[in-house]
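Converting from the sequence shown to this note's numbering requires adding 53 to each position, the first position being numbered 1.
A virtual CB, placed ideally from N, CA and C, is assigned to each residue, including glycine.
These numbers come from a predicted model, not from an experiment.
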Amino acid sequence: MPIHTQDYRHWDGTLQQKKYKRWWIIAKAELKLLAQRKIIRLIVAVPPVIYILVHAILIYMFNYLDGTPFPFDEIGEGFFQKFIFSTHPFPSVFLLALVVVFGGSGLISNDLKHNALSLYLSKPISWVDYLIGKFIAIGVLLASMTLVPGLLLFLEHALLADISFFIQNFWLIFPIIIYSLVVTTVTSLLMLTFSSLTKNLRFATIGFCAVWFGLSVIQLILTQVLESSTVAIVSVWANLELLGEVLFGLDSSYNLHFSWTILLLTALTTFCILVLRHRIRAVEIVT
């Protein structure tokens with residue numbers, strides 16, 4: 054009977070380090086955790102689904118039921134811009150806040166609370182991998198109610214309407230994609246920033262709502278007092294709305310040049326990334 058030893062056998066293969074797997078593992082784990090909580094599934098999924106179905110039904114009614122009262126004159130630039138981000142007639146800004154608060158307020162704060170961030174960074178994971186993973190987790194939720202349904206609604210109307218709609222409006226695909234990505238990026242980074250500043254997700258929620266809703270209230274007050282729409286620069290809502298109006302070629306409702314909007318949103322995004330880098334690397338340096 055032959056005797057087999059348990060000697061070490063040299064591995065002759067090639068080690069392929071796929072860096073994208075690092076952040077993907079983090080994102081996938083966070084999405085699984087969110088999916089396991091029934092209250093999160095109920096709050097994060099149900100309202101956006103209803104919101105999307107309402108718009109899908111409106112498109113169907115517009116094409117097949119003549120004479121039906123409709124909140125839009127036509128299915129075009131204004132319809133898709135307001136679907137992605139608007140305060141009226143359908144308040145998508147509140148749904149966006151609902152999704153990021155319940156889906157993203159604890160993404161980093163819970164790691165800080167349970168000292169899990171140091172565990173992450175003790176592995177071959179950089180702060181960039183960690184941040185991208187968390188961003189993808191919340192970005193997927195927001196893209197599921199902006200980018201994906203926006204394109205599907207455009208496809209629905211293109212199939213139900215005559216071919217002339219697609220010929221004249223095929224360019225709408227590009228602003229839908231760009232606008233959805235901007236809204237998703239700004240909103241996600243803003244929530245992650247407040248989540249990184251505290252170990253309590255309630256404080257992260259309060260901070261986000263103070264900026265998301267509070268600045269808009271201040272903007273409305275200043276508009277009434279100063280009788281000028283240029284104060285829209287202080288509101289995240291107003292700047293995102295103005296950007297959408299520019300991308301979709303709509304008449305602006307604010308007396309503010311869009312270059313200021315681009316500058317402010319760029320500055321806000323940069324500030325959020327710098328804060329997140331500082332907060333995450335603070336743990337990375339200690340470890």
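Setting aside the 5 residues that flank it on each side, glutamate 209 is surrounded in the same chain by Ala109, Ile112, each with a C-beta closer than 7 Å to its C-beta; the list follows chain order. Straight across, the Cα-Cα distance linking leucine 275 with threonine 283 is about 10 Å. Counting only the Cα atoms, glutamate 294 lies some 11 Å from histidine 141. A distance below 6 Å between beta-carbons, with the five flanking residues on each side excluded, links tyrosine 232 to the following residues of its chain, in chain order: Ile137, Gly297, Leu300. Secondary structure of arginine 94 (DSSP, three-state): helix.
For the 9 Å CB-CB criterion, leucine 243 and valine 289 form a contact. Put simply, of Val201, Ile178, Glu83 the residue whose alpha carbon is nearest the alpha carbon of valine 102 is Val201.
Sequence-distant partners of isoleucine 189 (beyond 5 residues in either direction) whose C-beta falls short of 7 Å from its own C-beta, in its chain, are Trp76, Ala80.
Of the candidates Val146, Gly156, Phe115, Leu148, Gly156 places its Cα closest to the Cα of leucine 86.
For the pair alanine 285 and isoleucine 271, the Cα-to-Cα distance works out to about 9 Å. Proximity of the segment 157-177 to the segment 310-323 falls short of the contact definition, fewer than three beta-carbon pairs being nearer than 8 Å. Counting along the chain, the unbroken alpha helix (DSSP H) around proline 228 starts and ends at 226-249. With a threshold of 16 other beta carbon atoms within 10 Å, proline 228 meets it and is buried. With contacts defined as CB atoms closer than 9 Å, leucine 160 and lysine 135 fail to qualify as a contacting pair.
In this structure, methionine 198 places its C-beta atom within 9 Å of the C-beta atom of leucine 148. When the five nearest sequence neighbours on each side are left out, the beta carbons in the same chain lying within less than 8 Å of the beta carbon of arginine 334 are those of Trp180, in order along the chain.
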